[in-house]
Amino acid sequence: MHEIEPSQSDFNPYDHEPLRSIQRPLQYKLAKYGINASPEEAHFLFTQKIVHDAKLYLQQDLSKHGIEVSPDEAVAIYGLHTIHLMMESTGIADPQEAMQRIALDNLSEPFDLGE
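In my numbering, the protein residues as written are 10 to 124.
If you want it as structure tokens, here you go:
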């Protein structure tokens, strides 16, 4: 029986092909703009863009209500708002306990934000 030596890798390149097939179009899109990146770097950059765009959306939404904050502050405000809604819906005053209750109870039912 053949044992794997510590110096041998058990990395299987075929395990990562589905991910690469998603990353390559992102890489090509960047290349159109003259940005040379590996498939993994392209994936990372597009993920960062999605996060950045989401933060800007939350910031703009708060701005519509007259609340001027940075994108990171907007994320924090929405996070606190979500925790507050969880506390209200469970009737539990402790934020950690309310989040645990939501996470562990009624996993088959979607969480209703009550809006």
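For glycine and all other residues, C-beta sits at the position ideal for the given N, C-alpha and C.
Check: With H, G and I counted as helix, E and B as strand and the rest as coil, what does DSSP make of V84?; Outcome: helix
Check: Do you know whose CA, among F53, E106, S79, lies nearest I92's CA?; Outcome: E106
Check: When you compare only the Cα positions, how much space is there between D103 and L94?; Outcome: 12 Å
Check: Can you look up S72 in the DSSP assignment and give me helix, strand or coil?; Outcome: helix
Check: Is it the case that the Cβ atoms of L65 and Y87 are separated by a distance below 7 Å?; Outcome: no
Check: Given this structure, state the Cα-to-Cα distance separating E14 from L113, to the nearest angstrom.; Outcome: Unreliable placement is indicated for E14, whose pLDDT of 47 sits below 50; the coordinate value is still reported in the next sentence. Near 43 Å, if we compare the C-alpha coordinates of L113 and E14.
Check: Can you tell me the Cα-Cα spacing of V78 and N45, whole angstroms?; Outcome: 34 Å
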